[in-house]
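Residue numbers (our numbering): 12 to 446.
Built from N, CA and C at the ideal position, the CB exists for glycine as well.
Since the model is a prediction, treat every value here as computed from it, not as a measurement.
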Ligand SMILES: NC(=O)c1ccc[n+]([C@@H]2O[C@H](COP(=O)([O-])OP(=O)(O)OC[C@H]3O[C@@H](n4cnc5c(N)ncnc54)[C@H](O)[C@@H]3O)[C@@H](O)[C@H]2O)c1
């Protein structure tokens with residue numbers, strides 16, 4: 012009976028969806044449901060985000076501002092800090108953060124807190140899908156048992172599934188609706204119900220046989236990236252020693268039409284996913300007495316990259332008979348990747364910190380990020396000008412935002428350290444040092 016009521020609501024799109032955590036993942040997901048005519052309430056603990064959304068204001072670059080305000084105006088999308096709305100919801104997606112704690116271990120406290128708040132207000136007949144990236148076993152060992160203890164029979168009264176989010180901020184080709192969605196249920200019925208909900212908004216749902224398989228699929232995707240980036244970062248170090256252009260080598264290798272996929276070096280990993288997710292997997296394995304050696308090695312190489320870049324900046328300045336100490340250095344781009352406004356875990360922040368520690372006078376420019384805090388000290392993005400560029404002893408391209416005019420920058424600056432090959436089209440230039 013419960014299942015039938017829910018199925019009818021799904022088929023008629025009259026279900027009421029809740030999205031917990033309206034950040035980079037949750038807000039685009041909430042908008043996707045709402046744009047399909049499904050009523051969505053976001054539950055978000057940040058009162059600023061709640062107020063903004065309810066005023067129809069956007070705060071995530073990937074979300075279309077006009078669309079968001081239209082959906083709010085039409086009553087399809089709203090937000091609250093109050094979990095009591097859970098009692099009215101038919102499906103809930105949990106999109107809260109899963110960072111690392113101070114000792115570098117997984118911090119799933121946000122999941123636990125959201126889980127406990129949901130339990131307080133839940134009614135039978137609800138689908139609950141965890142989207143936050145986490146270690147294999149979280150849904151079945153940490154999430155589902157708490158609902159059972161509260162008296163719900165999973166797979167009969169409520170339906171619990173895990174479905175990893177794959178959003179790629181800044182990607183205009185693959186957005187929420189056309190990125191296939193992997194789903195694993197605690198029971199086959201859980202899988203069926205969660206797939207039916209997501210099938211309303213996502214073109215291709217990929218069912219897997221367990222929540223652990225779905226959790227692990229996400230970790231494999233991001234571990235694959237982390238390891239391949241670690242490989243090319245080490246290749247960049249080796250190429251420098253060998254006097255070979257790493258970018259040319261990768262470009263040449265990428266002409267192989269099969270069996271090779273290009274990854275590119277850079278100043279290190281950033282964002283909420285690639286530097287963190289593999290640690291969720293290696294941590295879990297550590298509890299089972301197994302060392303995930305590939306993950307550890309890639310993490311070691313990638314984490315060392317900002318230090319390596321600073322060493323290369325020091326060597327480049329040395330060739331100009333200067334030391335890092337006392338040099339004016341401008342860092343271009345502090346977002347963790349191009350054309351986005353997210354600086355979480357960005358290696359550019361480490362580079363700024365290391366250069367400052369070594370006595371440089373560091374400024375930064377990022378068209379997407381007006382201010383950053385480094386060790387409690389706030390820095391503001393400076394405006395680029397001929398004079399500013401000419402006054403620098405080194406300009407470091409840490410993130411290759413496409414809207415910057417690199418030809419002009421290279422023409423004005425005496426020394427450019429390019430960690431992203433942003434100056435590729437300009438050919439080999441005497442004042443440009445590449446990673
Ligand atoms: N950002 C990405 O590109 C990306 C991609 C794929 C997966 N993920 C994963 O998705 C999850 C969310 O990431 P994000 O980037 O959206 O994080 P985020 O920090 O941008 O957003 C999370 C939101 O949850 C809110 N929140 C925290 N605890 C809450 C609670 N108990 N109740 C209600 N709201 C709460 C926070 O205030 C914040 O607004 C993480 O597990 C992350 O690893 C992120």
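Check each candidate in the options and name the one with the smallest Cα separation from residue i.
i: residue 174; options: 168, 193 and 33; result: 193
i: residue 220; options: 196, 341, 239 and 129; result: 196
i: residue 344; options: 303, 140, 395 and 103; result: 395
i: residue 341; options: 259, 294, 426 and 101; result: 426
i: residue 86; options: 41, 109, 59 and 115; result: 41
i: residue 200; options: 319, 88, 14 and 34; result: 14
i: residue 380; options: 417, 405, 372 and 349; result: 349
i: residue 409; options: 243, 232 and 377; result: 377
i: residue 154; options: 176, 126, 375 and 206; result: 126
i: residue 202; options: 182, 223, 189 and 183; result: 223
i: residue 303; options: 235, 141, 248 and 256; result: 235
i: residue 172; options: 210, 248, 58 and 104; result: 104
i: residue 98; options: 68, 110 and 133; result: 133
Skipping 5 residues on each side, what residues in its chain have a beta carbon closer than 8 angstroms to that of residue i?
i: residue 385; result: 360, 363, 364 and 367
i: residue 355; result: 281, 282, 283 and 347
i: residue 65; result: 83, 89 and 90
i: residue 336; result: 369, 370 and 371
i: residue 251; result: 257, 323 and 446
i: residue 115; result: 290
Spatial neighbours of residue i within its chain, please: CB distance less than 6 angstroms, with the 5 preceding and 5 following residues excluded, ordered by chain position.
i: residue 204; result: 138 and 170
i: residue 198; result: 166
i: residue 63; result: 70
i: residue 168; result: 135
i: residue 37; result: 30 and 106
i: residue 445; result: 429
i: residue 320; result: 278, 362 and 430
i: residue 128; result: 94
i: residue 423; result: 397, 400 and 401
i: residue 261; result: 273
i: residue 112; result: 118
i: residue 161; result: 130
i: residue 239; result: 274
Please classify residue i: is it buried, with 16 or more other beta-carbons within 10 angstroms of its beta-carbon, or exposed?
i: residue 120; result: exposed
i: residue 516; result: The first residue shown for the chain is 12 and the last is 446, placing residue 516 beyond what the model contains.
i: residue 300; result: exposed
i: residue 158; result: buried
i: residue 295; result: buried
i: residue 146; result: buried
i: residue 272; result: exposed
i: residue 60; result: buried
i: residue 419; result: exposed
i: residue 233; result: buried
i: residue 22; result: exposed
i: residue 433; result: buried
i: residue 143; result: buried
i: residue 387; result: exposed
i: residue 326; result: exposed
i: residue 293; result: buried
i: residue 185; result: exposed
i: residue 411; result: buried
i: residue 404; result: buried
i: residue 55; result: buried
i: residue 24; result: exposed
i: residue 16; result: exposed
i: residue 53; result: buried
i: residue 253; result: exposed
Strictly by DSSP, which residues pair up with residue i?
i: residue 169; result: 137 and 165
i: residue 218; result: 194
i: residue 374; result: 341
i: residue 111; result: 117
i: residue 382; result: 391
i: residue 88; result: 51
i: residue 96; result: According to DSSP, which records beta bridges pairwise, residue 96 is partnered with nothing at all.
i: residue 447; result: Because the chain spans 12 through 446 in this model, residue 447 falls outside it and cannot be assessed.
i: residue 243; result: In the DSSP output, where bridge partners are listed per residue, residue 243 has none listed.
i: residue 83; result: Answer by DSSP bridge pairing: none, since residue 83 is not bridged.
i: residue 405; result: 340
i: residue 429; result: 408 and 445
Got a sec? Which residues, its chain only, sit under 7 angstroms from residue i by beta carbon, not counting five neighbours each side?
i: residue 39; result: 71, 73, 74, 178 and 187
i: residue 44; result: 28, 51 and 212
i: residue 312; result: 241, 244 and 245
i: residue 265; result: 271 and 273
i: residue 447; result: In the structure as shown, the chain begins at 12 and stops at 446. Residue 447 is therefore absent and cannot be evaluated.
i: residue 150; result: 141, 171, 173, 197, 222 and 226
i: residue 216; result: 192, 194, 206, 209 and 210
Do residue i and ligand 3 come close, with the Cβ less than 7 angstroms from some heavy atom?
i: residue 106; result: Of the ligands one can find in the structure shown, namely ligand 1, none is ligand 3.
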